[in-house]
Amino acid sequence: MKSNSEATRLRFYISNTDKFRHTLLSETLVFAAKRYGLAGATVTKGCMGYGSSSVIHSAKFWEITEKLPVIVEMVDETTKIEQFVNIILPWFDKIPTGCLVTAEKVQVVLFKQGMKKKFF
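Every number in the working numbering is 13 more than the matching position in the sequence shown, counting from 1.
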């Protein structure tokens with residue numbers, strides 16, 4: 014990905030309790046993006062929201078289980094995002110909960126890579 018270029022932002026609207034093969038879906042998506050070589054991924058936890066079930070979820074101290082909305086987003090070159098989507102979309106057939114996946118064109122103003130950490 015380069016500065017001053019067009020790219021695609023991929024967003025997954027899920028819940029913080031959604032799982033794929035006994036692992037949190039948000040973690041699975043981030044690790045998959047890293048393995049695939051996408052430029053980066055960010056997970057944002059919401060404080061309130063509802064989805065296709067129309068049930069409102071919020072952070073309240075009297076709730077036994079805190080079920081909150083989560084957005085996982087990635088930005089990279091359009092072709093890389095499209096290839097990544099083709100790999101991971103079949104996973105969602107195995108997940109019993111609802112979700113929303115969107116993709117939109119974005120303008121990359123600045124993309125500056127940091128130094129990679131060396132492990133031993």
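We put the beta carbon where it would ideally sit given N, CA and C, even for glycine. Please read all numbers here as calculations on a predicted model, not as lab measurements.
What residues match up with E19 in a beta bridge as DSSP calls it? In DSSP, E19 forms a bridge with Q120.
Residue range of the alpha helix (DSSP H) that V68 falls in? Per DSSP, V68 belongs to no alpha helix (DSSP H) and is neither H nor E.
Give me the Cα-Cα distance between L102 and K73, rounded to the nearest whole angstrom. A straight line joining the alpha-carbon of L102 with that of K73 spans about 32 Å.
Residue range of the alpha helix (DSSP H) that T41 falls in? Looking at the DSSP string, the run of the alpha helix (DSSP H) that includes T41 is 38–49.
Over the uninterrupted beta strand (DSSP E) stretch that includes R86, give me the two end residues. Inspection of the sequence shows that residue 86 is occupied by Glu rather than by Arg. It spans 82–89 - the beta strand (DSSP E) in which E86 sits, taken as one unbroken run.
For S55, which three-state DSSP category applies? Correcting the residue type first, residue 55 is Thr in the shown sequence and not Ser. In this structure, T55 counts as strand in the three-state DSSP scheme.
Quick check on DSSP: helix, strand or coil for K107? It is helical.
Cβ-based burial, V119 [other Cβ within 10 Å; buried from 16]: Looking at its Cβ environment, which holds fewer than 16 other Cβ atoms inside 10 Å, V119 is exposed.
Nearest-angstrom Cα separation, counted from I69 out to S28: CA-CA distance, S28 to I69, rounds to 12 Å.
Residue from V98, T41, V83 whose Cα sits closest to the Cα of P90: Pro is not the amino acid found at residue 90; the sequence shown has Glu there. Closest option to E90, judged by alpha-carbon separation, among V98, T41, V83: V98.
What separation, rounded to the nearest whole angstrom, lies between the Cα atoms of T110 and M87? About 21 Å.
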